[in-house]
Amino acid sequence: LGQISATAALDGGWLEKDRLDRYAAGTLWGTSAGLGSAGRWFASQVSVGTPLRYPDWLGPDHLTFNWRVAVTF
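Under UniProt numbering, the residue at position 40 of the sequence shown is numbered 40, and the numbers go up by one with no gaps.
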């Protein structure tokens with residue numbers, strides 16, 4: 001399996017209203033957690049994320065899974 005690692009993240013931002021759509025504004029917050037493994041010839045990571053706060057008009061995915069595999073030749 002190689003070296004095992006864990007990650008946790010919190011991300012925030014905002015949408016600023018503009019002249020084209022003055023209602024498209026709001027605050028965004030999300031979080032994720034993941035595990036990784038790295039060996040001599042490969043690396044792999046899996047993570048799961050979820051939104052914490054978002055504008056009512058925005059329809060995000062409530063749970064996202066990401067998996068990444070890298071191989072060194």
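For every residue, glycine included, the Cβ atom is placed at its ideal position computed from N, Cα and C.
* Asked: Using DSSP with H/G/I as helix, E/B as strand and the rest coil, what is L58?
  -> Numbered from its first residue, the sequence shown carries residue 58 at position 58. Coil, per DSSP.
* Option in L58, L35 and R53 with minimal Cα separation from S47 -> If you number the sequence shown from 1, residue 47 lands on position 47. Checking every option, the nearest Cα to that of S47 belongs to L35.
* Only counting runs of 3 or more residues, tell me where the beta strand (DSSP E) segments fall wholly within the region 23 to 50, in order along the chain. => Runs of the beta strand (DSSP E) inside the region 23 to 50: 26 to 38.
* Asked: Can you name the residues that DSSP bridges to T7?
  -> Counting from 1 along the sequence shown, the entry for residue 7 is found at position 7. T7 pairs with G34.
* Asked: Going by other Cβ atoms of all chains shown within 10 Å of its Cβ, with 16 needed for buried, is G49 buried or exposed?
  -> Within the sequence shown, numbered from 1, the residue matching residue 49 stands at position 49. Counting the other CB atoms within 10 Å of its CB gives G49 a total of 16 or more, which places it among the buried residues.
* **Close-in-space but distant-in-sequence residues of the same chain around P51 (CB under 6 Å, 5 per side omitted)** => As a first step, residue 51 must be located in the sequence shown, where it is residue number 51. Short of 6 Å from the beta carbon of P51, and not among the five residues preceding or following it, lie these beta carbons of its own chain, in chain order: G30 and P60.
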